[in-house]
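Student: Residue numbers (the working numbering): 13 to 751.
The structure is given below, and queries will be raised subsequently.
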Ligand SMILES: Nc1nc2c(c(=O)[nH]1)N[C@H]1C(S)=C(S)[C@@H](COP(=O)(O)OP(=O)(O)OC[C@H]3O[C@@H](n4cnc5c(=O)[nH]c(N)nc54)[C@H](O)[C@@H]3O)O[C@H]1N2
Ligand SMILES: Nc1nc2c(c(=O)[nH]1)N[C@H]1C(S)=C(S)[C@@H](COP(=O)(O)OP(=O)(O)OC[C@H]3O[C@@H](n4cnc5c(=O)[nH]c(N)nc54)[C@H](O)[C@@H]3O)O[C@H]1N2
Ligand code: SF4
Ligand SMILES: [Mo]
């Protein structure tokens, strides 16, 4: 029997609605869902291969447990018992900080993320790491310092803006990030069609740059100099808007004086006249927004750049207004932050690096594993992460993992990282799981709500990912493997309801928590927790207080999603600085400026390496889908033809790329799109390691670019790794010399 299921594609941040046709348990087709309120039928090549990914024969169908050195199939009970023994032994002998947790990128897409806070609490470790410190952490720190809430990252109001200045993002390949917008190409086309303008700043003429009204080549890592030049111009030409509720303008004027466009042009490579033009255009546009993404985050001055992006949004009067930089408002609500934001509440043991948003920099995880002493990491839990391929000095981490006493991975694949695990706990198929975007709906360019229930039944006794994490949490809390995962949900629901009825601002203030609990709907504890969040959220039914409002039931009845309209001004809901004002010149930012001034003096002469994404990749884990491999999706080193000629290189030649920490051999691809002096390798490759099971990916294995990235190079304020702008040397190699 053929049937169609409507779901959210879980693969990237665009949140497209897809229509999946099935014959029994077999996926026979994936289309864009034309009736979807947000994506209206848009689909990218990755979404189209969702069926192949979901039915990949290399996905693990049950747990693996290491016995006599070999990972072998085991029952779920055996696997959880092995976890209890492994974690228990490490905690008993070495204490709680000896267990580290690494949460990878797909947590941003799964409902299982709802269980991570409880797992962290039960573990009680300071060694928490995530993909954030190889991604967007600078944005959190900058938002925390400016607005008091690290979750309040402004997003471009893409559908209404008249002018978009985009730095370090390539949404025509990535489909957008911290700006969830299905059909980014269509939305950029609409921007230009309504007379708006798009300016892209990137060391490479990407597809997005080529599409833009103007593309400015920038030297990798120098965006803060460019942006400071723009700030300087706005202030000296008196183009800045005087906004109420903004503190620190005088300090900003003082520091900006050191960054005039002429001097900045020397550093960043964008001519001074262009820098001034940017300032004037931003000031003149009816509405405008500056947006910086991964190329500016995973860089030496990531937090300073994120700060300057939002300083410009404030100075041009575009913060928190339609067409400008706005704040997302997820339908499931977001707790209001009460304590002012700070970093460095604890420090990493070996390098003394400060915590930021409760995390330590993943670039130092290997140090914590390798360095003996009190508090040494002896056990690791990875949840949806592949840090061997995704974090700096991946090979160093790879080697360090072999020294652990115990490792458990929650992951569907046996890959570069999970091959070191003693226990692998695979989540079920995508279609066997419910899907709701807890993280990303807070960053979408329209307010929407959509829930996708599981489409297929799971094998009996096979846990879904929330249950896997609930069981790990109960084990970490000392309740053992027999504890019922549903008891965790019950406890968490009771806590949340008790807080709600005690909160005068809640629609259920003063009501009976136990009675409200009986009104919750959902097939399991996870769904009931979601129901609660939706009902208490800004659009919720408030348990009858707001008739017609959202609940899980309402979402289930609307499989194409519910459109809640465009973004609304929301700063007053999020602002949580001690001063109660937007801070334009936070002390920690000012304290990092000497580093920026010093950086301006370094004249780099050699090559610098940047990354790139391809429309048909998803970090390190889509390479096993044959429908996505090959074509333009190759692990080549892009080199500007003028540089190649100088070095005697031609397309197809092999070169050794060497950095301070490592070397890889790669095939040259000539690309006039890349700036002279800059070369590019994509991340997510390196699939030829022994003991992995990725049979398709192994055929286009490529090299791990994070062999070259340097764990010592961090954005000081956030601890985020520098993954763009790595100094490298190129040496031609004989074809036979390459391993
Ligand atoms: N040099 C360089 N390095 C980079 C980047 C770069 O641009 N350049 N980009 C960085 C960025 S932005 C990010 S976000 C990180 C990503 O870093 P990671 O999150 O560490 O790596 P991913 O490649 O996303 O790996 C995701 C893992 O989750 C597993 N997985 C997939 N779906 C599920 C699921 O539903 N449940 C569970 N439990 N597991 C699942 C996959 O098998 C894979 O092992 O990489 C970073 N690394
Ligand atoms: N197809 C695909 N889509 C993805 C992913 C994927 O792996 N593949 N990963 C997802 C994830 S986890 C994320 S975080 C997002 C990221 O989404 P985006 O931020 O759009 O990421 P990229 O496409 O890597 O674009 C980054 C751009 O920054 C440029 N760049 C490098 N260094 C600098 C610099 O110093 N300054 C400036 N101005 N630009 C620089 C690069 O040339 C590149 O064009 O994509 C998501 N979507
Ligand atoms: S753009 Fe992203 S969400 Fe949309 S179909 Fe492609 S991978 Fe899925
Ligand atoms: Mo990312």
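From the three backbone atoms N, C-alpha and C, an ideal C-beta is built for every residue, glycine too.
Would you check if there are 3 or more beta carbon pairs closer than 8 Å linking the stretch 452 to 464 to the stretch 563 to 580?
Tutor: Contact between the stretch 452 to 464 and the stretch 563 to 580 is present, because at least three Cβ pairs lie under 8 Å.
Student: Would the C-beta of residue 141 count as close to ligand 1, meaning under 6 Å from any of its heavy atoms?
Tutor: The answer is no for residue 141.
Student: Does the Cβ of residue 311 lie closer than 6 Å to at least one heavy atom of ligand 2?
Tutor: The answer is yes for residue 311.
Student: Nearest CA to the CA of residue 29: which residue from 639, 573, 687 and 651?
Tutor: Comparing Cα-Cα distances from residue 29 to each of 639, 573, 687 and 651, the minimum goes to 573.
Student: Within 10 angstroms of the Cβ of residue 521, are there 16 or more other Cβ atoms? Answer buried if so, exposed if not.
Tutor: It is exposed - the Cβ of residue 521 has fewer than 16 other Cβ atoms within 10 Å.
Student: Are the CB atoms of residue 172 and residue 334 within a distance shorter than 7 Å?
Tutor: In this structure, residue 172 lies closer than 7 Å to residue 334 by Cβ.
Student: Out of curiosity, what's the CA-to-CA distance linking residue 729 and residue 153?
Tutor: Each residue's Cα considered, the two are about 7 Å apart.
Student: Can you look up residue 562 in the DSSP assignment and give me helix, strand or coil?
Tutor: Strand at residue 562.
Student: Indicate the three-state DSSP secondary structure (helix, strand or coil) for residue 338 in the structure shown.
Tutor: Here residue 338 sits in strand by DSSP.
Student: The alpha helix (DSSP H) with residue 525 in it runs from where to where?
Tutor: Looking at the DSSP string, the run of the alpha helix (DSSP H) that includes residue 525 is 525 to 531.
Student: Just to confirm my understanding: we take residue 750, look at its own chain, exclude 5 residues before and 5 after, and list those with CB closer than 7 Å. What are they?
Tutor: Low confidence applies here, because residue 750 scores a pLDDT of 44, under 50, leaving its location unreliable and the question unanswered by this model.
Student: What residue does the beta strand (DSSP E) around residue 578 start on, and which one ends it?
Tutor: Residues 574 to 578.
Student: Closer than 6 Å by C-beta to residue 743: which residues in its own chain qualify, once you throw out the five before and the five after it? Chain order, please.
Tutor: 668.
Student: Any chance the CB of residue 117 is under 6 Å from a heavy atom of ligand 2?
Tutor: Checking the Cβ of residue 117 against ligand 2 gives yes.
Student: With respect to the beta strand (DSSP E) encompassing residue 14, which residues constitute its N-terminal and C-terminal limits?
Tutor: Element bounds for residue 14: 14 to 20.
Student: DSSP three-state label for residue 108, please.
Tutor: Residue state, collapsed to three classes: helix.
Student: Quick check: the stretch 349 to 357 against the stretch 466 to 477, are at least 3 beta-carbon pairs closer than 8 Å?
Tutor: With a cut-off of 8 Å, the stretch 349 to 357 and the stretch 466 to 477 do not count as touching, because too few Cβ pairs lie within range.
Student: How close, in whole Å, do the beta carbons of residue 125 and residue 451 come, if the pair is a contact with beta carbons under 8 Å?
Tutor: About 7 Å; that satisfies the 8 Å criterion.
Student: Decide yes or no for the touch test of the stretch 137 to 144 against the stretch 99 to 111: beta carbon pairs closer than 8 Å, at least 3 of them.
Tutor: Judged by Cβ distances under 8 Å, the stretch 137 to 144 makes contact with the stretch 99 to 111, as three or more pairs qualify.
Student: Rounded to a whole number of angstroms, what is the C-alpha to C-alpha distance between residue 363 and residue 723?
Tutor: For residue 363 and residue 723, the distance between alpha carbons rounds to 11 Å.
Student: For residue 673, which residues of its own chain have a beta-carbon under 6 Å away from its beta-carbon, when the five flanking residues on both sides are left out?
Tutor: Excluding residues within five positions, the ones whose Cβ falls inside 6 Å are 405 and 722.
Student: Tell me, to the nearest whole angstrom, how far the beta carbon of residue 19 is from that of residue 447; I am working on the premise that it is less than 8 Å.
Tutor: Indeed they touch by this definition, with Cβ atoms about 6 Å apart.
Student: DSSP on residue 518, reduced to helix/strand/coil?
Tutor: Three-state result, residue 518: coil.
Student: Compare the Cα-Cα distances from residue 130 to each of 480, 175 and 605 and report the closest residue.
Tutor: Answer by Cα proximity: 480.
Student: List the whole-angstrom C-beta distance separating residue 376 from residue 402, where the pair is believed to meet the contact cut-off of C-beta under 8 Å.
Tutor: Residue 376 to residue 402, Cβ: 15 Å. No contact.
Student: If we ignore side chains and look at the alpha-carbon of each, how far apart do residue 40 and residue 67 end up?
Tutor: Cα to Cα, residue 40 sits roughly 11 Å from residue 67.
Student: Comparing C-alpha positions only, which one of 449, 151 and 227 sits nearest to residue 323?
Tutor: That would be 151, whose Cα lies nearest to the Cα of residue 323.
Student: In this structure, how does DSSP classify residue 32 when only helix, strand and coil are distinguished?
Tutor: In the structure shown, residue 32 sits in a strand (DSSP, three-state: E or B).
Student: Assign residue 748 to one of two classes, buried (16 or more other C-beta atoms within 10 Å of its C-beta) or exposed (fewer than that).
Tutor: Reliability of the predicted coordinates at residue 748 is poor, the pLDDT of 45 falling under 50, and the value obtained from them is presented with this limitation in mind. Exposed.
Student: Keeping to the same chain, check which residues put their C-beta closer than 6 Å to that of residue 143; ignore five residues upstream and five downstream.
Tutor: Same-chain partners within the cutoff: 116 and 117.
Student: Could you check which residue in 523, 551, 454 and 367 has the C-alpha nearest to that of residue 727?
Tutor: Nearest C-alpha to residue 727: 367.
Student: Quick test of the definition: if touching needs 3 or more C-beta pairs under 8 Å, does the stretch 545 to 565 touch the stretch 517 to 537?
Tutor: Yes, the stretch 545 to 565 is in contact with the stretch 517 to 537.
Student: With the cut-off set at 7 Å, would you say residue 437 and residue 422 are in Cβ contact?
Tutor: For residue 437 and residue 422, yes; Cβs fall inside 7 Å.
Student: Should residue 464 be listed as close to ligand 1, given that the test is whether its C-beta is under 6 Å from any heavy atom?
Tutor: No; taking the cut-off as 6 Å, the Cβ of residue 464 has no heavy atom of ligand 1 nearer than that.
Student: Per the DSSP calculation, residue 645 is bridged to which residue(s)?
Tutor: Looking at the DSSP assignment, residue 645 forms a beta bridge with 642.
Student: Just tell me which of 714, 133, 243 and 273 has its CA closest to the CA of residue 263.
Tutor: Nearest of 714, 133, 243 and 273 to residue 263, Cα basis: 243.
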